[in-house]
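A.B. asks: Just dropping this structure here.
There are 2 protein chains.
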Amino acid sequence: MNMTQQIQQVLKRNLLSVTESRSKILELFLQQNGALAHADIEKKSGSSFDRVTVYRTLQTFVEKGIIHTIPTADNSILYALCKDECTAGRHHDHHVHFVCQQCGNTICLDDITVPDVRLPGGYQARHVEVVVNGVCKDCRTSH
Amino acid sequence: MNMTQQIQQVLKRNLLSVTESRSKILELFLQQNGALAHADIEKKSGSSFDRVTVYRTLQTFVEKGIIHTIPTADNSILYALCKDECTAGRHHDHHVHFVCQQCGNTICLDDITVPDVRLPGGYQARHVEVVVNGVCKDCRTSH
DNA sequence: ACAAAAATGCAACTTCGTTGCAAGAATTTT
DNA sequence: AAAATTCTTGCAACGAAGTTGCATTTTTGT
């Protein structure tokens, strides 16, 4: 199955009409290993789409569980592809996010589960977000 | 030592001139257990200061290590008092942050140390940020 | 109290994100 | 395959959030 087919399949599975902007933006995520910021998408899509369209597309993708957001220290929202288990409204993003200080990339460490956190008495945890800052594999080996 | 003296001491220790806005904003943090957003500060300070002054004061406090920022899922920056060990440029904020879904408060769990996260080979961790979402002590007991 | 240094407030500006609405594309129906 | 319907897009306008330059005021050190 080529990428065009894969894109159509993902969109149709989520009851979304197949449009140029959605296809292109989804393609960017499939090609990219790491996370993308809104600004990245506007640039990489060749500024062919309106700002508003990009906003709305990302919002739709988040709602449908195709991508998820990652909070960052510098207060920019990052978006990354979800694993297949994610459905509308139910994100299974209990994985660790890694931000490389060198290349700036943010990647999802899907296989690293979030460690247990012992809370003081009375506190009830419902969701734990872990963001690790450091140097990624590529930057460490290739310098 | 009363609070006014304490405020002056903190400012002077950080080589900052003692001004009305800095004193007032620092007072807000000392009175508050949890974290504050920029908007909270503008409101609580009685809108007596210019927006710009609040921005610059918070920025200065972060630089001096008096407060630190907390990334949140909804992409708003929160600020909270640092422990004494923090100095300019060197934040020792390796503690867990807790966001209550009910009251919206964010507090620093200073005594809860960040758990170890096992990373894939090649990855080097330098800082780990843990934000726990759930229901806080007060909201659980008082409903 | 005075001079030097620093902080504040104002205005203007940029960036980021949202909303309403008309025009355009995609989907469904016949 | 074309028409009708539904959904998406782009535009314009708007609002919130944050930044910068500069004149004025406040703080500090002597």
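Going down the list, the protein sequences come from chains F and G. Be aware that the first sequence starts at 0, since it is given in numbering that gives the first Met the number 0, and climbs by one per residue. Be aware that the second sequence starts at 0, since it is given in numbering that gives the first Met the number 0, and climbs by one per residue. Yeah, the Cβ is synthetic: ideal placement off N, Cα and C, and Gly gets one too. These numbers come from a predicted model, not from an experiment.
#1: Out of G121(F), V134(F) and I6(F), which has the shortest C-alpha to C-alpha gap to I65(F)?
#2: DSSP three-state call for R139(G): helix, strand or coil?
#3: Within 8 Å (strictly less), CB to CB, does L118(G) reach chain F?
#4: Anything in the region 50–64 of chain F with a Cβ closer than 7 Å to a Cβ of chain G? List those residues in chain order, please.
#5: For C99(F) and C135(F), I'd like the C-alpha separation in whole angstroms.
#6: Using only the alpha-carbon positions, how far apart do L57(F) and L10(F) sit?
#7: Determine the chain G residues that contact I76(F) at a beta-carbon separation under 8 Å, and present them in chain order.
#8: Distance, Cα to Cα, F97(G) vs Y78(F)?
#9: Quick one, are the C-beta atoms of S20(F) and F48(F) less than 8 Å apart?
#10: Can you name the residues that DSSP bridges to N132(G)?
#11: Using a Cβ cut-off of 8 Å, pull out every chain G residue sitting near Q100(F), in sequence order please.
#12: Would you check if the distance between the CB atom of I40(G) and the CB atom of L27(G) is smaller than 8 Å?
#13: Can you tell me the Cβ-Cβ gap for C138(F) and C81(F), rounded? I've got them flagged as a contact below 8 Å.
#14: Of the residues G45(F), I106(F), K23(F) and R12(F), which one's Cα is nearest the Cα of M2(F)?
#15: Let me know the secondary structure DSSP gives I6(F) once reduced to three states.
#16: Is the beta carbon of V131(G) sitting closer than 8 Å to the one on V113(G)?
#17: Leaving out the 5 sequence neighbours to the left and right, which residues in its chain are closer than 7 Å to I111(F) when beta-carbon positions are compared?
#18: Would you report the Cα separation of L25(G) and D115(F), rounded to the nearest angstrom?
#19: Roughly how many whole angstroms lie between the Cα atoms of R50(F) and A34(G)?
#20: Going by the DSSP bridge assignment, what does L80(F) pair with across the sheet?
#21: Terminal residues of the continuous beta strand (DSSP E) containing D39(F)?
#22: Can you check whether the CB of V127(G) is closer than 8 Å to the CB of V129(F)?
#23: For I111(G), which residues in chain F fall below 8 Å Cβ to Cβ?
#24: Going by DSSP in three states, L108(F) sits in which element: helix, strand or coil?
#25: With distances taken between CB atoms, is the gap from P70(G) to L108(F) smaller than 8 Å?
C.D. replies: Result, derived from the coordinates:
#1: Counting from one through the first sequence, the residue named residue 65(F) turns up at place 66. Nearest option by C-alpha distance: I6(F).
#2: As a first step, residue 139(G) must be located in the second sequence, where it is residue number 140. Of the three classes helix, strand and coil, the one that applies to R139(G) here is helix, per DSSP.
#3: Stepping through the second sequence from its first residue, residue 118(G) is reached at position 119. So, interface residue.
#4: none
#5: Residue mapping note: residue 99(F) aligns to position 100 of the first sequence, counting from 1. Residue mapping note: residue 135(F) aligns to position 136 of the first sequence, counting from 1. Computed Cα separation, rounded: 5 Å.
#6: Start at 1 with the first residue of the first sequence, and residue 57(F) comes out as number 58. Start at 1 with the first residue of the first sequence, and residue 10(F) comes out as number 11. Taking the straight line from one Cα to the other gives about 13 Å.
#7: Position 77 of the first sequence holds residue 76(F). Chain G residues near I76(F): N74.
#8: In the second sequence, counting from the first residue as 1, residue 97(G) sits at position 98. In the first sequence, counting from the first residue as 1, residue 78(F) sits at position 79. Distance between the alpha carbons of F97(G) and Y78(F): 23 Å.
#9: The count along the first sequence starts at 1 and reaches residue 20(F) at position 21. The count along the first sequence starts at 1 and reaches residue 48(F) at position 49. Yes. Within cutoff.
#10: Along the second sequence, read from residue 1 onward, the residue named residue 132(G) stands at position 133. Partner(s): H126(F) and V98(G).
#11: Taking the first residue of the first sequence as 1, we reach residue 100(F) at position 101. Here the neighbours are R125.
#12: Within the second sequence, residue 40(G) is the residue found at index 41, counting from 1. Within the second sequence, residue 27(G) is the residue found at index 28, counting from 1. A contact, by the Cβ cut-off of 8 Å.
#13: As a working note, residue 138(F) is residue 139 in the first sequence. As a working note, residue 81(F) is residue 82 in the first sequence. Not really, about 25 Å apart at Cβ, beyond 8 Å.
#14: By 1-based counting over the first sequence, the position of residue 2(F) is 3. M2(F) has its Cα closest to that of K23(F), out of G45(F), I106(F), K23(F) and R12(F).
#15: Numbered from 1 along the first sequence, position 7 holds the residue referred to as residue 6(F). Correct three-state label for I6(F): helix.
#16: Your numbering for residue 131(G) matches position 132 in the second sequence. Your numbering for residue 113(G) matches position 114 in the second sequence. Not closer than 8 Å, so no.
#17: Counting from 1 along the first sequence, the entry for residue 111(F) is found at position 112. Cβ neighbours of I111(F) beyond the five flanking positions: H94 and V95.
#18: Within the second sequence, numbered from 1, the residue matching residue 25(G) stands at position 26. Within the first sequence, numbered from 1, the residue matching residue 115(F) stands at position 116. Cα to Cα, the separation comes out at about 34 Å.
#19: If you number the first sequence from 1, residue 50(F) lands on position 51. If you number the second sequence from 1, residue 34(G) lands on position 35. Going from the Cα of R50(F) to the Cα of A34(G) covers about 33 Å.
#20: Counting from 1 along the first sequence, the entry for residue 80(F) is found at position 81. Its beta-bridge partners are I66(F).
#21: Within the first sequence, the letter at position 40 stands for residue 39(F). Premise fails: D39(F) lies in the alpha helix (DSSP H), H37 to K43, not in any beta strand (DSSP E).
#22: In the first sequence, the residue the question calls residue 129(F) occupies position 130. In the second sequence, the residue the question calls residue 127(G) occupies position 128. In contact: V129(F) and V127(G) (Cβ atoms closer than 8 Å).
#23: Locating residue 111(G) in the second sequence gives position 112, where the first residue counts as 1. Within chain F, V116, R117, L118 and P119 have C-beta atoms less than 8 Å from the C-beta of I111(G), given in sequence order.
#24: Numbered from its first residue, the first sequence carries residue 108(F) at position 109. If DSSP states are grouped into helix, strand and coil, L108(F) belongs with the strands.
#25: Reading the second sequence from its first residue, position 71 is the one you call residue 70(G). Reading the first sequence from its first residue, position 109 is the one you call residue 108(F). No, Cβ-Cβ distance for P70(G) and L108(F) is not below 8 Å.
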